[in-house]
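One structure below.
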Amino acid sequence: MLGSAGEKAAELPSGVRHWPGYFDASEQEQLVALIRQKLADAPLFTPAMPRTGKPMSVRMTNFGSLGWVTDKERGYRYQSEHPDTGQAWPSIPKILLDLWSEVVSPDYEPEACLVNYYEDGAKMGQHQDRDEEVFDAPVLSVSLGNACLFRVGGTKRGGKTSSLRLESGDVMMLSGDSRLAYHGVDRIYKDTSDLLKNGGRLNLTLRRVTARG
Ligand code: MD3
Ligand code: FE
1136 MLGSAGEKAA ELPSGVRHWP GYFDASEQEQ LVALIRQKLA DAPLFTPAMP RTGKPMSVRM
1196 TNFGSLGWVT DKERGYRYQS EHPDTGQAWP SIPKILLDLW SEVVSPDYEP EACLVNYYED
1256 GAKMGQHQDR DEEVFDAPVL SVSLGNACLF RVGGTKRGGK TSSLRLESGD VMMLSGDSRL
1316 AYHGVDRIYK DTSDLLKNGG RLNLTLRRVT ARG
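Written as structure tokens, this is what we have:
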């Protein structure tokens, strides 16, 4: 009961916007079908931490002119080719370019769409996204499949954090003060969606990497 004693609406940090259920069930199915097609050309790879080479529990691929990759030798970076196939990344699906145009801006396009796949036991530790050349554009995220517990804090590690459950079809935008906030995924809630036959969660993040115009 919103407004009754002891309860309040979840307070999100300044610059975080959340649209629960932005994409309906049929749009989510369409997106998954498109992603599956593109994964045939750009398979999920296992990213490794810089220096240690420790594998991340999330698997990834990218769409767009630039994709985020990481390995032991060269660390975090954007590049235009898939690290395993050496091929250019597939294009960003139009439905996602339309989303960017509607909620971010029709005046410039995202360059990178990072695809993260979480098995039900996977998580992503708290980190900042700071491998882009510019931070003035928002980051836009789309969640598909099982729900997750997402947590975001401030721009310094170890400060106050807010948790948010992200469900299939949700869209989140990070801009302004939140663009360099620490954030991560604490857990996936298994069996909370039927969208992905093998369970788990897909997250798509759209980003600008280089200066626009
Ligand atoms: C908050 N992905 O790929 S998306 C990532 O659910 C990443 O896969 C998470 O963090 C996921 O880097 C979270 C939402 C998100 C994306 C970028 C952010 C939240 C953010 C940048 C700044 C603050
Ligand atoms: Fe991130």
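If you count the sequence shown from 1, position 143 lands on 1278 in our numbering, and the numbers rise without skipping.
Don't be surprised by glycine CBs; every beta carbon is placed ideally from N, CA and C.
Based on the DSSP secondary-structure assignment, which residues constitute the bridge partners of residue i?
{"i": "His1262", "result": "His1318"}
{"i": "Ile1323", "result": "Cys1283"}
{"i": "Tyr1213", "result": "Trp1203"}
{"i": "Trp1224", "result": "None; Trp1224 has no bridge partner."}
{"i": "Ser1328", "result": "BP columns for Ser1328 are empty, so no partner."}
{"i": "Asp1197", "result": "According to the sequence provided, residue 1197 is Asn. The question's Asp does not apply to it. Leu1249, per the DSSP bridge assignment."}
{"i": "Ala1183", "result": "Pro1190"}
{"i": "Asn1338", "result": "Asn1251 and Ser1278"}
{"i": "Arg1300", "result": "Leu1284"}
Mind reading off the beta-carbon distance from residue i to residue j? Whole number of angstroms is fine, and I expect it under 8 Å.
{"i": "Met1195", "j": "Leu1249", "result": "6 Å"}
{"i": "Asp1219", "j": "Pro1178", "result": "7 Å"}
{"i": "Ile1230", "j": "Gln1165", "result": "7 Å"}
{"i": "Tyr1243", "j": "Arg1343", "result": "7 Å"}
{"i": "Gln1214", "j": "Leu1201", "result": "7 Å"}
Measure the Cβ-Cβ separation of residue i and residue j and say whether it is below 8 Å.
{"i": "Pro1225", "j": "Lys1173", "result": "yes"}
{"i": "Val1287", "j": "Ser1297", "result": "yes"}
{"i": "Ser1328", "j": "Ser1149", "result": "no"}
{"i": "Ala1257", "j": "Val1204", "result": "no"}
{"i": "Ala1346", "j": "Val1274", "result": "no"}
{"i": "Leu1299", "j": "Leu1147", "result": "yes"}
{"i": "Lys1325", "j": "Gly1334", "result": "yes"}
{"i": "Ala1168", "j": "Gly1199", "result": "no"}
{"i": "Asp1255", "j": "Ile1170", "result": "no"}
{"i": "Val1151", "j": "Leu1301", "result": "no"}
Whose C-beta lies closer than 6 Å to the C-beta of residue i among residues of the same chain, with five residues either side of it excluded?
{"i": "Met1191", "result": "Pro1182"}
{"i": "Asp1176", "result": "Pro1225"}
{"i": "Met1307", "result": "His1153 and Ser1276"}
{"i": "Ala1140", "result": "Its pLDDT being 49, under 50, Ala1140 is placed unreliably in this model, and the coordinates cannot settle the point."}
{"i": "Phe1158", "result": "Gly1304"}
{"i": "Gly1156", "result": "Gly1304"}
Grab me the residues of residue i's own chain with a C-beta within less than 8 Å of its C-beta, minus the 5 sequence neighbours each way, in chain order.
{"i": "Gln1163", "result": "Leu1279, Ser1303, Gly1304 and Leu1330"}
{"i": "Phe1180", "result": "Arg1194, Met1195, Thr1196, Val1204, His1217, Pro1218 and Asp1219"}
{"i": "Lys1234", "result": "Looking at the sequence shown, residue 1234 is not Lys but Leu. Here the set comprises Tyr1157, Leu1275, Val1277, Val1306 and Leu1341."}
Can residue i be considered in contact with the ligand GTP, in the sense that its beta carbon sits closer than 7 Å to one or more heavy atoms?
{"i": "Asp1264", "result": "Of the ligands this structure carries, namely the ligand MD3 and the ligand FE, none is the ligand GTP."}
Which residues in the same chain as residue i place their Cβ atom closer than 7 Å to its Cβ, once the five residues preceding and following it in sequence are excluded?
{"i": "Glu1237", "result": "none"}
{"i": "Leu1232", "result": "Glu1244"}
Stretch-stretch touch, CB-based, cutoff 8 Å, three pairs: the region 1181-1197 with the region 1210-1221: yes
Three CB pairs or more closer than 8 Å across the region 1244-1264 and the region 1314-1325: yes
Touching by the beta-carbon criterion (3+ pairs, under 8 Å), the region 1272-1280 and the region 1334-1343: Yes, they touch.
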